[in-house]
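Residue numbers (this note's numbering), protein chains in the order written: chain A, 8 to 297; chain B, 914 to 1298; chain C, 54 to 309; chain D, 136 to 512.
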């Protein structure tokens, strides 16, 4: 029974990671860049929900507003900070991403102050079931992330835009020659990634109502790790990696002697997995043509 | 072509550096040109712990403004300089040096414990007196120039354990932040002083974790949970524990809990009893604490209202009245007095049984080591529903 | 009868069920100019990748001067004496031409120099650097790139980049030099020039040369013996004029 | 033979400049002209330069992305600090300093070699995340150490060295780092390392021992990161592991990238500039202005990087810069081109992050085109 509860907790932590990891993986797969500012888009999403709730009082309206804001923010960041550097060294883009991350964090502190905000979205209560007490938000989060992952997979597989995304991720130059507007596709990717960040923001607030400007930093890194474990660039991989990380975290936290080392354990697992499978669990193995 | 830009930047850098180095003339007489008494403090004004630093900055500024409005010390005004260390000990040295070179004479030390140790060691070399509002590390008052307005961590842990021993429990939960000096400091003393017949169930977290479901699972059968942590993670824990930890359980924290009530729009959403060991009651309805709360809330809102600020407010006044007492005793405190000379005066005053009453307690005294002696009260922030 | 430099026996490799090359038997004799021809996708470059250690063969073995090198790493195989060029040029783009060749000289015993010798700038370091540079210039002279030695290799025209690859491979002092489509993208005049360079390398350095080429004029003008590959198997082996006129080969090229 | 020992002075220019600056400040310090805030700043700058130069070896010259440099520094800081705590009462100040520098550096180097091993198998981002993970693991281990061993969350109390002298020692270490790095890079071994960066497959085919050189670079680089860590522990009274998070690694990476990859002088200047900016912003923007620190830093970062790297601004950059200005007055003389004048450690380098994702080998690909498009991109 204990173990099942731990497992459910793990799934709950994991589905949030998965949601963030999906954003990372989409952007990485297509724009080939590590968007270190992704975690901070989540934070902005969180604040937008907070603002929406204060203004309208309606959780759904404020959430939709947050999604919209995040999408606009994602597109703006891409346009201002990343697009001018297309074709430059990927490391340069990495650095601007870090710059954007600092920028968002300090702007948030300037606007909303240093004190964390408490955001109560809706008290969904607990589900009592066979001796288990499971908070309903866990079920909501899990369900949402599975639905989103499936939708995203189908989108990429069956729509014109989705297939264009695959083409861009394989070879930007060739995609351009085939008449695909690469800039547009990358913009759409950022829009989707940032929209997902708003979802992640919602999930995190449902779980822990405290909102501060560092909300997205550590989950961002953990989710990035999750994306790499699953095989960066792969949508199911991001999901798998996220859930794996969450479960490991939950189990490790319940074992007292190793609990303080939880972060370390997650990273050790990452290293082991990468040593066995250098491109992650579901990552495609690529070879250079010789 | 990049490197050319670099050359330009380098030239600019060299120029700026030369100017900044040239600006300082050398010599230790930094206070010679002071026209006000300068109080310095280093605290986290940005980053994850900013809420504590900002509270200290706001409150100290409020106290300084009040003193100045009332005419300062014999007509000489005070000035507060608050530098940002983002809770990072390595930033303290630069802050300390720049404040000292900027004419700092009195200091509130640091806001948090980690940087506080660094600060103590730096300031003891120059003999700069500090009375820290909230750096509660046990080692800090060991420095001859260091005094605390808050309880030392070890003391809190001991007092908390003594209280728990009287409750007659057989098992309690302990939830703490394993990578935090404050949390560990209290926890250690707490466990050492706890009745050996009481078993403890422990759960820990690190960093800026925001999902405590696993820890809550571990602690779910405990009816009494000791939480020597700051209020932000505590609020998350309590929200997430709703419905899992029994409604009649008790959450018991230390002074870090203060500010918790302000976190919730409606504190009654937490079914359990929440109480704390503290020197400041933000729910006070009368007395100096209530006055402080009213003034602070009016100026800065309730977001950053916590005992850090209250303590800082007291610190400024305690220093002010100490100066007043010194002058009454016939000491001279010119506005250009050096930090070291002033420190000698302060140490003499504080060691000779100086008593202060303020927001965080009445008849506060300090022992020869610099540990504060004042009433620690168990405040019930919220009764069980 | 001169001795056999490279010998392969039943060499084959498959990728996920696809047999890219199978049962390849080659015998290349000392100072021979050996050609490997075949239509696109016949597995010629794969053969190169196997004998230079990029891929590990799934079946068969190969020997260089009688030493079994099957499954050895790229570096080891190079040390033993097989050097190669690449179909898609792989130069060290951020280095000057002369330094590209100096990298090739890196492992030659006469230029041995420990890391610490270099860090502490002992006299030996300077001596060796100078010697390496002189030697690199000599090699560049052979392929006719001496005048371009100080330009960045990525700024060279295509044909010269190919020649630089040959120079770099030659610098490793190989017994067997594998050239992957050395004349691709060259005009007839440049091809002529290249042919004489290849011959000169063979004659002056005594290097055995194995080459892949699509240009039949180049192959028949240069090679002593060729193997025609199709779908990973060897169709015909023999002197170019015989092998290229074989009906099977004509069928493979025209597509039967 | 006389030409053998001709020294290329321009190769040692940065060395001479740093040495001259060190001497200048040393004299200023010993004659009492420097405030302690200047000394702290100089210590920080020296530590930052050591870190940036050592990281640039991995990132700029070997072409691998490392996000765990702070981890090596952490090892150096804790082990060097601990050595100092134990030995200082026995050996006295100076011998302890030397021993702890060695201990910190060597242990960090050993770990560098260990972390170099995955570098043989992983490329690009995958290696980056492994190094990041390594840094976080190291931090976590020291964070949870017992009070007696490394102080745990309270941090390790270390002796602080005389601040009048420490920054001079730190700058001497900068010189040592610079000497080793430059001498290594400007030798046949450095050529092999840059060859691996430019084209690993070609380097292997040319017989370069890739394993050896990758490990060598990681070892040397982390040795100096360890040294920087020891210096750090000497410049603070406490070593706290919170400092060494991935954010700090990234801060070092920013210095290397801003300096221009594979450009040691650039890294030195960027390290000094960023540290200076950091400390100045921190001490100038006090009170309510503190929140502007990160904002200004971030804006400067973004503008600088975009200006330096944006392909569209290339013509602008080439038109308006100091060199163009100077050349207007001093005509360029192409006939002066000496043997091998091209500066090979100044050439732009690029890390191909997507190298692992480049086109499949057609023959070997187990993926048929329609299968490849299935779900993963």
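Glycine included, C-beta positions come from ideal geometry on N, C-alpha and C.
Taking the Cβ atom as the reference point for each residue, do residue 87 of chain C and residue 278 of chain C lie within a distance shorter than 7 angstroms? The residue given as residue 87 of chain C occupies position 34 in the third chain. The residue given as residue 278 of chain C occupies position 225 in the third chain. Going by C-beta atoms, residue 87 of chain C is nearer than 7 angstroms to residue 278 of chain C.
Could you confirm whether any beta carbon from chain D is found closer than 7 angstroms to the beta carbon of residue 163 of chain C? Taking the first residue of the third chain as position 1, residue 163 of chain C is located at position 110. It does not: the Cβ of residue 163 of chain C has no partner Cβ on chain D nearer than 7 angstroms.
Consider the Cβ of residue 170 of chain D: report whether some Cβ of chain B lies at a distance smaller than 7 angstroms. For the purposes of this step, residue 170 of chain D is taken as the residue at position 35 of the fourth chain. Output row for residue 170 of chain D: interface = yes.
If you follow the beta strand (DSSP E) that residue 289 of chain C is in, where does it begin and where does it stop? Counting from 1 along the third chain, the entry for residue 289 of chain C is found at position 236. Residues 286 to 291.
Please classify residue 217 of chain D: does DSSP put it in a helix, a strand, or coil? For the purposes of this step, residue 217 of chain D is identified with residue 82 of the fourth chain, where counting begins at 1. Of the three classes helix, strand and coil, the one that applies to residue 217 of chain D here is helix, per DSSP.
Closest by CA to residue 75 of chain C, which one among C:61, C:84, C:244? Taking the third chain and counting its residues from 1, one reaches residue 75 of chain C at position 22. For the residues C:61, C:84, C:244, the minimum Cα distance to residue 75 of chain C belongs to C:61.
Taking any Cβ of chain A, which residues in the region 1076 to 1091 of chain B have a Cβ under 7 angstroms from it, in chain order? Here the close residues are 1091.
Residues of chain C with a CB under 7 angstroms from the CB of residue 324 of chain D: which are they? If you number the fourth chain from 1, residue 324 of chain D lands on position 189. The CB of residue 324 of chain D comes closer than 7 angstroms to the CB of 168, 171 in chain C, given here in chain order.
Counting pairs of Cβ atoms below 8 angstroms between the region 32 to 40 of chain A and the region 10 to 17 of chain A, do you hit three or more? No, because fewer than three Cβ pairs between the region 32 to 40 of chain A and the region 10 to 17 of chain A fall closer than 8 angstroms, the two stretches do not touch.
Quick check for students: name the residue ranges of the alpha helix (DSSP H) that lie wholly in the region 1168 to 1204 of chain B, counting only runs of 4 or more. The qualifying runs are 1173 to 1176.
Apart from the five residues just before and just after residue 1133 of chain B, which ones in its own chain have a Cβ nearer than 7 angstroms to its Cβ? For the purposes of this step, residue 1133 of chain B is identified with residue 220 of the second chain, where counting begins at 1. So the list reads 1157, 1158, once near-sequence residues are dropped.
Just checking, does the region 315 to 335 of chain D make contact with the region 108 to 117 of chain C on the three C-beta pairs under 8 angstroms criterion? Cβ pair count under 8 angstroms is below three, so no.
Excluding the 5 residues preceding and the 5 following residue 63 of chain A in the sequence, name in chain order all residues of the same chain whose CB lies nearer than 7 angstroms to its CB. Position 56 of the first chain holds residue 63 of chain A. Around residue 63 of chain A, the same chain offers 69 as residues with beta carbons nearer than 7 angstroms, after the five sequence neighbours per side are excluded.
8 angstroms CB neighbourhood of residue 250 of chain C in its chain, flanking five on each side removed: Within the third chain, residue 250 of chain C is the residue found at index 197, counting from 1. Once the five neighbours on either side are set aside, the close Cβ partners of residue 250 of chain C are 195, 196, 197, 216, 219.
Measuring only between beta-carbons, confirm whether residue 342 of chain D sits less than 7 angstroms from chain C. Within the fourth chain, the letter at position 207 stands for residue 342 of chain D. Residue-level contact by beta carbon holds for residue 342 of chain D and chain C, with a gap shorter than 7 angstroms.
To the nearest angstrom, how far is the alpha carbon of residue 236 of chain A from that of residue 271 of chain D? To locate residue 236 of chain A, count along the first chain from 1; it is residue 229. To locate residue 271 of chain D, count along the fourth chain from 1; it is residue 136. Rounded to the nearest angstrom, the two C-alpha atoms are 16 angstroms apart.
Show which residues of chain B have a CB atom less than 9 angstroms away from the CB atom of residue 227 of chain A. On the first chain, residue 227 of chain A is found 220 positions in, with the first residue counted as 1. By Cβ distance, chain B contributes nothing, its closest Cβ being about 11 angstroms from residue 227 of chain A, past 9 angstroms.
Any C-beta of chain D sitting closer than 7 angstroms to the C-beta of residue 85 of chain C? The count along the third chain starts at 1 and reaches residue 85 of chain C at position 32. For residue 85 of chain C, the closest Cβ of chain D is not nearer than 7 angstroms.
Can you tell me whether residue 84 of chain C is helix, strand or coil according to DSSP? The sequence position of residue 84 of chain C within the third chain is 31, counting from 1. Reduced to three states, the DSSP call for residue 84 of chain C is coil.
Counterpart residues of residue 1086 of chain B in DSSP-defined beta bridges: Indexing the second chain from 1 puts residue 1086 of chain B at position 173. Beta-bridge partners of residue 1086 of chain B (DSSP): B:1114, B:1138.
Beta bridge counterpart(s) of residue 72 of chain C as assigned by DSSP: The count along the third chain starts at 1 and reaches residue 72 of chain C at position 19. Paired residue(s): C:67.
Under the three-state DSSP convention, the category residue 1041 of chain B falls into: One-based indexing of the second chain puts residue 1041 of chain B at position 128. Collapsing the DSSP output to three states places residue 1041 of chain B in coil.
Assign residue 334 of chain D to one of three DSSP states: helix, strand, or coil. Residue 334 of chain D sits at position 199 when you count from the first residue of the fourth chain. Coil, per DSSP.
Using the three-state DSSP reduction, which class does residue 953 of chain B fall into: helix, strand or coil? Here residue 953 of chain B corresponds to residue number 40 of the second chain, with the count starting at 1. Correct three-state label for residue 953 of chain B: strand.
Per the contact definition of three or more C-beta pairs closer than 8 angstroms, is the region 975 to 994 of chain B in contact with the region 1262 to 1277 of chain B? Fewer than three pairs of CB atoms, one per stretch, sit closer than 8 angstroms, so the region 1262 to 1277 of chain B makes no contact with the region 975 to 994 of chain B.
Step through the CB atoms of chain A and report whether any lies within less than 7 angstroms of the CB of residue 963 of chain B. Here residue 963 of chain B corresponds to residue number 50 of the second chain, with the count starting at 1. Contacts with chain A at 7 angstroms (Cβ-Cβ) include residue 963 of chain B.
Reduced DSSP secondary structure (H/G/I, E/B, other) of residue 943 of chain B: The sequence position of residue 943 of chain B within the second chain is 30, counting from 1. For residue 943 of chain B, the three-state secondary structure derived from DSSP is coil.
Chain-ordered chain D contacts of residue 117 of chain A [CB-CB under 9 angstroms]: Residue numbering aside, residue 117 of chain A sits at position 110 when the first chain is read from its first letter. Within 9 angstroms Cβ-Cβ: 426, 427, 430.
How would you list, in chain order, the residues of chain D whose beta-carbon sits under 8 angstroms from the beta-carbon of residue 113 of chain A? Stepping through the first chain from its first residue, residue 113 of chain A is reached at position 106. In chain order: 426, 427, 428, 429, 430, 433.
Could you work out which residue in D:374, D:200, D:161, D:251 is closest to residue 174 of chain D when comparing CA atoms only? Against the fourth chain, residue 174 of chain D aligns to sequence position 39. The shortest C-alpha separation from residue 174 of chain D is found at D:161.
Could you give the residue range of the alpha helix (DSSP H) that holds residue 176 of chain C? Within the third chain, numbered from 1, the residue matching residue 176 of chain C stands at position 123. Run containing residue 176 of chain C: 176 to 196, per the alpha helix (DSSP H) assignment.
Apply the 10 Å Cβ neighbour rule to residue 1279 of chain B and answer buried if 16 or more other Cβ atoms are within range, or exposed otherwise. Working through the second chain from its first residue, we reach residue 1279 of chain B at position 366. Here residue 1279 of chain B is buried: its Cβ has 16 or more other Cβ atoms, across all protein chains shown, within 10 Å.
Classify residue 1061 of chain B as helix, strand or coil using the three-state DSSP reduction. Within the second chain, numbered from 1, the residue matching residue 1061 of chain B stands at position 148. Note: residue 1061 of chain B maps to strand in three-state DSSP.
For residue 344 of chain D, count neighbouring Cβ atoms within 10 angstroms of its own Cβ and tell me buried if that reaches 16, exposed if not. As a first step, residue 344 of chain D is located in the fourth chain; it is residue number 209 there, counting from the start. Looking at its Cβ environment, which holds 16 or more other Cβ atoms inside 10 Å, residue 344 of chain D is buried.
Can you give me the Cβ contacts of residue 285 of chain D inside the same chain, cut-off strictly under 7 angstroms, excluding the 5 residues immediately before and after it? Numbered from 1 along the fourth chain, position 150 holds the residue referred to as residue 285 of chain D. Around residue 285 of chain D: 213, 217, 277, 291.
Going along chain A, which residues have a C-beta under 8 angstroms from residue 1281 of chain B? Translated into the one-based positions of the second chain, residue 1281 of chain B becomes position 368. Chain-order list of chain A residues neighbouring residue 1281 of chain B: empty, with the shortest C-beta distance near 37 angstroms, by a criterion of under 8 angstroms.
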